[in-house]
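Student: Letter by letter, the sequence shown follows residues 1441 to 1578 of this note's numbering. Beta carbons: idealized from backbone N, C-alpha and C, even for Gly.
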Amino acid sequence: MTPFVRLLRIPFALALLSFAATACDSGGGVIGPDNELEVTNAVDQFEFQVSDLDRVTETLRYEWTNTGTAATVDVSEAITRGSAFLTILDANGDPMYEADIGDDSDGSTPTGVAGTWTIEITLFDASGTFNFRVQKST
């Protein structure tokens, strides 16, 4: 084999590897402007909405002030692929709510500690649309 042919094999092999990696892509995108992310983070009320996810893998965390000791959770979803999890921790970091958003799980948290709560949304290869609201229980 001539040196010229050997040199041509290297770029060809790299191009083939690049094509194979693209063809096997398993998502891993993040939320962008096309997803129309809307977050309302007010004392005693938190709202989150995202649209047109396409194989998104990302974790989002928010601090939310709850002057009460419990909250209600309302979820509406149209997840078509992957998973989306919602976790809510009270001011002590104790889990108050953990659910797959795809289960459309409305509910109430148990009694926790008032103050700064944490709301975490974990997406793995998620496609679709969803929104949820968390508000202080009255």
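1. Report the CB separation of valine 1515 from serine 1548 in whole angstroms; it is logged as a contact under 8 angstroms.
2. To which residues of the same chain is serine 1577 closer than 7 angstroms at the C-beta, ignoring the five residues directly before and after it?
3. Just how far apart, CA to CA, sit glutamine 1575 and glutamine 1489?
4. Please report the Cβ distance between arginine 1606 and threonine 1558, rounded to the nearest whole angstrom; I am assuming they are in contact, meaning their Cβ atoms lie under 8 angstroms.
5. Where in the stretch 1527-1571 do unbroken runs of the beta strand (DSSP E), each at least 3 residues long, occur, reported from the N-terminal end onward?
6. Confirm, please, whether the CB-CB distance from methionine 1536 to aspartate 1543 is below 8 angstroms.
7. Identify whether aspartate 1514 lies in helix, strand or coil by the three-state DSSP scheme.
8. Out of Val1496, Leu1477, Glu1476, which one is the CA nearest neighbour of threonine 1562?
9. To the nearest angstrom, how far is the alpha carbon of glycine 1469 from that of threonine 1527?
10. Taking only the alpha-carbon atoms, compute the straight-line gap between asparagine 1481 and glutamate 1503 and give it to the nearest angstrom.
11. What are the boundary residues of the beta strand (DSSP E) that aspartate 1487 is part of?
12. Under the rule that 16 or more other beta-carbon atoms within 10 Å means buried, what is alanine 1566, buried or exposed?
13. Decide if glycine 1568 is buried, meaning its Cβ has at least 16 other Cβ atoms within 10 Å, or exposed.
14. One question on the structure: do glutamate 1560 and isoleucine 1541 come within less than 8 angstroms of each other, judged by their Cβ atoms?
15. Pull up the CB-CB distance for asparagine 1506 and aspartate 1492, whole angstroms please, since I reckon it's below 8 angstroms.
Tutor: If we stick to the structure as given:
1. That belief does not hold up - the Cβ atoms of valine 1515 and serine 1548 are roughly 13 angstroms apart, past 8 angstroms.
2. Answer for serine 1577: Gly1508, Ala1510, Ala1511, Thr1512, Ser1548, listed in chain order.
3. The straight-line gap from Cα to Cα measures roughly 15 angstroms.
4. Residue 1606 lies beyond the stretch modelled for the chain, which goes from 1441 to 1578, so this question has no answer here.
5. Whole beta strand (DSSP E) segments, 3+ residues: 1535-1540.
6. Their beta carbons are not under 8 angstroms apart, which means aspartate 1543 does not touch methionine 1536 by this criterion.
7. The three-state secondary structure of aspartate 1514, taken from DSSP, is strand.
8. Cα-wise, what sits closest to threonine 1562 is Val1496.
9. For glycine 1469 and threonine 1527, the gap between their C-alpha atoms comes out near 21 angstroms.
10. One alpha carbon belongs to asparagine 1481, the other to glutamate 1503, and they sit about 8 angstroms apart.
11. Note that residue 1487 is glutamate in the sequence shown here, rather than aspartate. Run containing glutamate 1487: 1485-1506, per the beta strand (DSSP E) assignment.
12. By the neighbour-count rule (16 or more Cβ atoms within 10 Å), alanine 1566 is buried.
13. With 16 or more other Cβ atoms within 10 Å, it is buried.
14. Their beta carbons are not under 8 angstroms apart, which means glutamate 1560 does not touch isoleucine 1541 by this criterion.
15. Actually they are not in contact, since the Cβ atoms of asparagine 1506 and aspartate 1492 sit about 30 angstroms apart, beyond 8 angstroms.
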